[in-house]
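What follows is one structure encoded as structure tokens, with my remarks underneath.
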Amino acid sequence: MARKGERRGRQPCCEKEGLKRGAWTAAEDKKLVAYITMHGHTNWRNLPKQAGLLRCGKSCRLRWINYLRPDVKRGNFTKEEEDTIISLHSELGNKWSKIASYLPGRTDNEIKNLWHTHIKKKIAQGEASSSSSSKQESYEIKPNQSIILHEYNSAEELSSSQMLWREELNGVMDFMMMPEEDEGYYNGLVYLESEIDLWGQMN
DNA sequence: AAACGCAACAACCGCAATTTG
DNA sequence: GCAAATTGCGGTTGTTGCGTT
Numbered sequence: 001m002a003r004k005g006e007r008r009g010r011q012p013c014c015e016k017e018g019l020k021r022g023a024w025t026a027a028e029d030k031k032l033v034a035y036i037t038m039h040g041h042t043n044w045r046n047l048p049k050q051a052g053l054l055r056c057g058k059s060c061r062l063r064w065i066n067y068l069r070p071d072v073k074r075g076n077f078t079k080e081e082e083d084t085i086i087s088l089h090s091e092l093g094n095k096w097s098k099i100a101s102y103l104p105g106r107t108d109n110e111i112k113n114l115w116h117t118h119i120k121k122k123i124a125q126g127e128a129s130s131s132s133s134s135k136q137e138s139y140e141i142k143p144n145q146s147i148i149l150h151e152y153n154s155a156e157e158l159s160s161s162q163m164l165w166r167e168e169l170n171g172v173m174d175f176m177m178m179p180e181e182d183e184g185y186y187n188g189l190v191y192l193e194s195e196i197d198l199w200g201q202m203n
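Per the UniProt record's numbering: the first sequence = residues 1 to 203.
See below:
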């Protein structure tokens, strides 16, 4: 908190002088991970000082969220993940953090980068979402209609994913079927190896 | 081998939203 | 209720690596 009489208006997130910028070194990563593992991250602004890092809190936060968190998934996006992103983006627009919340282990920054480098081009070329070329079928199911999915490995995971999907989109549920690939089905959130039944009317 | 162009991605910046005193 | 501090988000930029000429 600034005391009365101090400079008005927004202050910079950190003192620019003396703080390191640019790529993180392995030693810095180690310090950050060690500190957060021990103390957590309740105050990003004070964290770098307490952790002995010459970085601003924002930079530490970004580094942790995007790369150092233990649950961050590295590596290429799968076809299913790309489809999910395309589907969610058509509903939500550039709400990258929202989209990321549907993809465990993926960050908003990563998804945003993927969108700008890969998916946008694919869509522009008409390769990504063309239902005719990829043999996808699309159905719309209204929110109040019930859908029951049978014969899957993890009932709990599927159920919660489905509820999230419903609540977040608060309206039309877009369900994608790809019956000719691997005998499986996709709904944008889960991939099912086995049989699936739908209850409720489709449009 | 050097120069260039481009794609990929890590990181920064500014603003909005939220929290705090 | 208000002002300031802090956090989170999305747009953008900078750097790096790779392929091509």
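Built from N, CA and C at the ideal position, the CB exists for glycine as well. No experiment lies behind these values; they were computed from the predicted model shown.
For P104, the secondary structure class from DSSP, reduced to helix, strand or coil, is coil. T117 counts as exposed, since fewer than 16 other C-beta atoms from the protein chains shown sit within 10 angstroms of its C-beta. Within the same chain, and ignoring the five residues on either side of L68 in sequence, the residues whose Cβ sits closer than 7 Å to its Cβ are D29, L32, V33. Under the three-state reduction of DSSP, D71 is assigned to coil, being neither helix nor strand.
Counted as a single uninterrupted DSSP element, the alpha helix (DSSP H) harbouring G57 occupies residues 57–63. Rounded to the nearest whole angstrom, the CA to CA distance from K73 to K121 is 24 Å. The distance from the Cβ of I85 to that of I119 is about 6 Å, consistent with a contact at the 8 Å cut-off. DSSP, reduced to helix, strand and coil, places T42 outside both helices and strands of the structure shown, so it counts as coil. In the DSSP annotation of this structure, the continuous segment of the alpha helix (DSSP H) that includes H89 starts and ends at 79–92. Boundaries of the alpha helix (DSSP H) harbouring A51: 47–51, taken from the DSSP string. The C-alpha of G93 is placed about 10 Å away from the C-alpha of S87.
The residues N66, in chain order, have a CB closer than 6 Å to that of N109 in the same chain once the five nearest residues on each side in sequence are set aside. The criterion of a C-beta distance shorter than 8 Å is satisfied by I99 and I111. Counting of Cβ neighbours within 10 angstroms places S97 among the exposed residues, the total staying below 16. Rounded to the nearest whole angstrom, the C-alpha separation of R21 and N43 is 20 Å.
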